[in-house]
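Numbering (this note's numbering), first residue to last: 32 to 265.
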């Protein structure tokens with residue numbers, strides 16, 4: 032669950048409402064705190080949705096659901112008529128998003144992250160298959176810099192762009208996953224290794240069969256260790 036900055040004492044005392052400016056999350060820029068969002072009115076709520084757009088859908092849900100529930104609590108304490116109206120509109124904006132999320136089962140849109148060591152295990156195969164041949168830092172390199180911590184990807188920006196790596200990852204994964212599903216492309220070769228199309232997802236830290244891929248990576252690491260031991264003893 033994303034970290035939420037608690038309201039300050041001054042804010043809790045403000046007009047006896049427990050709310051000031053509808054600012055929910057902290058202004059400090061940390062890996063675990065969503066910044067810039069709020070719920071003081073409809074426009075601020077819309078701005079919040081825009082700031083979250085493109086991020087991991089489960090993260091969007093956690094933040095928006097948290098804001099939705101906090102806003103409802105503050106609404107109950109608020110006495111000023113205009114603020115009540117503004118808060119109600121903000122709550123309604125978040126509620127519409129949450130309804131859409133549930134109605135369309137948007138949780139299925141989430142591209143869960145493979146562990147760093149699993150992605151790294153397929154680096155050589157991906158290079159052999161021509162999957163890792165672009166310019167600039169790869170997702171794996173950035174993932175390594177982030178120590179496999181997806182929260183750091185939310186603040187790490189792509190070189191020369193204002194986009195963070197979590198959004199950049201999702202933008203690249205979405206068309207790849209859609210094509211794989213549309214064309215019914217195989218996930219594995221006849222030898223049981225990830226296909227080229229599957230590797231194209233793995234290098235972005237995702238697989239629709241994460242459990243199997245992690246087992247393959249572990250088995251490969253075990254085999255490599257065994258071969259290394261045999262070479263040393265021969």
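In this text, a Cβ means the ideal position worked out from N, Cα and C, and glycines have one as well.
Limits of the unbroken alpha helix (DSSP H) element including residue i
i           : result
residue 174 : 170 to 176
residue 132 : 112 to 134
residue 75  : 73 to 83
residue 148 : 147 to 152
Proximity below 9 angstroms, CB of residue i to CB of residue j
i           : j           : result
residue 85  : residue 170 : no
residue 195 : residue 208 : no
residue 228 : residue 211 : yes
residue 117 : residue 73  : yes
residue 178 : residue 147 : yes
Per-residue DSSP class, three states only, for residue i
i           : result
residue 92  : helix
residue 225 : strand
residue 219 : strand
residue 25  : The displayed coordinates of the chain run from 32 to 265. Any statement about residue 25 would go beyond what the structure contains.
residue 99  : helix
residue 164 : coil
residue 236 : coil
residue 179 : coil
residue 143 : coil
One or two residues paired with residue i in a DSSP bridge
i          : result
residue 11 : Not covered by the structure: residue 11. The range shown for the chain is 32 to 265.
When the options are compared against residue i, the one with the closest alpha-carbon
i           : options           : result
residue 215 : 103, 141, 239     : 239
residue 119 : 180, 98, 137      : 98
residue 93  : 105, 154, 141     : 141
residue 122 : 248, 150, 80, 176 : 80
residue 184 : 192, 126, 198     : 198
residue 222 : 247, 204, 175     : 247
residue 67  : 205, 107, 200, 95 : 95
residue 254 : 189, 71, 125, 152 : 152
residue 156 : 90, 138, 226, 91  : 226
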